[in-house]
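**Q** Quick one: the structure is below, questions incoming.
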Amino acid sequence: MSEWLVLSIAMAAACIVVLTIVVINNRRVGEDDDPTETPDVMDYMTMMIGVIYAIVLGLAIAGVWEARGSAQESVRQEAQALHEIQQRVQVYPADVRERIRDDVDAYVSYVVDTEWPHMSEHETLSAKGTELFDELRREVTQYAPRTDLEGQAYQPLLDQVAVADDARGARGESAGATMPGVVWFGLIIGAVVTVGLIFVLQIRRTFRELLLAGLFSVLIAFLLFLIWDFDAPYGRGISATAGPFLNLFPQIDS
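Its first residue numbered 323, the sequence shown is counted upward by one per residue in this note's numbering.
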């Protein structure tokens, strides 16, 4: 099911449930009920609960957004390091140079076409991707430089392999969800309590009040969906992409 369909259903359901309960609740209110009797302390508590939940939501959104940015940066670093390897082997003999470049292309192609969907589905790196990267590492490290120029290029190549390996590891660590279950529990309970404040305030059935109640519930549902969508940096709609690989290695997309 599409994430946007999930969002639409969640927001519509939240809105319908809230409005339905408001309408049913008001049918049970007697003619002598006076909504102005709500104590001032209740207004204060209502405001504080809303402020606290708003802070929690803001921190949660900032946290998952930062995790997504970090995941995208890992992808960029990995792609850039592999691109540097391809360029720096220019000084190597033709057969060695082509072998290393072929290994890089094979690895990048596998990451984009196969490992990316695998990472999204299983929240971990694939064994085949690790095998291809290890093969690339062997090709780079086992070559013995024969000239001073090749010797000068050898250590920087090893450094770039290490950078790519570190970035690949970071990509694997970011493949899963970043929000602990207990945080989700707090967010959902907070949403229920915050939306429940609508009834504490004794909302009526006027068009203006029903509209505000509906919009408020839709906003809460949207923010929770946003956190959920960002929570898996590689697995959902608004996620880190393989764009850096495609930009630096356009040949694998042809």
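Virtual Cβ for every residue (Gly too), placed ideally from N, Cα, C. This one's a predicted model, so the numbers in the text were calculated from it and none came from an experiment.
Scan the stretch 505-564 and note each continuous alpha helix (DSSP H) run of 4 residues or more that stays entirely inside, going in chain order.
**A** Within the stretch 505-564, the complete alpha helix (DSSP H) runs of at least 4 residues are 529-552.
**Q** Any heavy atom of the ligand ZN inside 8 Å of the beta-carbon of residue 330?
**A** Because no ligand of any kind appears in the structure shown, any question about the ligand ZN cannot be addressed here.
**Q** I'd like to know if the stretch 467-475 and the stretch 370-389 are in contact, where contact means that at least 3 CB-CB pairs between them fall below 8 Å.
**A** Verdict: no, contact absent.
**Q** Would the stretch 433-445 count as touching the stretch 369-383 if we require 3 or more Cβ pairs under 8 Å?
**A** They do not touch, by the three-pair rule.
**Q** Excluding the five sequence neighbours on either side, which residues of its own chain have a C-beta within less than 7 Å of the C-beta of residue 512, listed in chain order?
**A** So the qualifying residues of the chain are 375 and 378.
**Q** What residues in its chain sit with their C-beta under 8 Å from that of residue 570, if we drop five residues either side in the sequence?
**A** Around residue 570: 401, 402, 404 and 405.
**Q** Straight-line CA distance for residue 345 to residue 516?
**A** Whole-angstrom Cα-Cα distance: 18 Å.
**Q** I need the straight-line Cα distance from residue 371 to residue 538, nearest angstrom please.
**A** Between residue 371 and residue 538, the C-alpha separation is close to 15 Å.
**Q** Give the secondary structure of residue 376 by DSSP, where H, G and I count as helix, E and B as strand, and everything else as coil.
**A** If DSSP states are grouped into helix, strand and coil, residue 376 belongs with the helices.
**Q** Please classify residue 429: is it buried, with 16 or more other beta-carbons within 10 angstroms of its beta-carbon, or exposed?
**A** Flag for residue 429 reads buried.
**Q** Given a threshold of 16 other Cβ atoms within 10 Å of its Cβ, counted over all protein chains shown, does residue 326 qualify as buried or as exposed?
**A** The residue in question, residue 326, is exposed, as its Cβ has fewer than 16 Cβ neighbours within 10 Å.
**Q** Between the Cα of residue 509 and those of 533, 567 and 547, spot the shortest distance and give me the residue it belongs to.
**A** Per the Cα distances, 547.
**Q** Just checking my contact of residue 489 with residue 396 at CB under 8 Å: how many whole Å lie between their CB atoms?
**A** Indeed, because the Cβ distance is near 5 Å, the residues count as touching under 8 Å.
**Q** Let me know the secondary structure DSSP gives residue 388 once reduced to three states.
**A** Of the three classes helix, strand and coil, the one that applies to residue 388 here is helix, per DSSP.
**Q** When DSSP labels each residue in this structure, what does residue 448 get in the three-state scheme?
**A** Three-state result, residue 448: coil.
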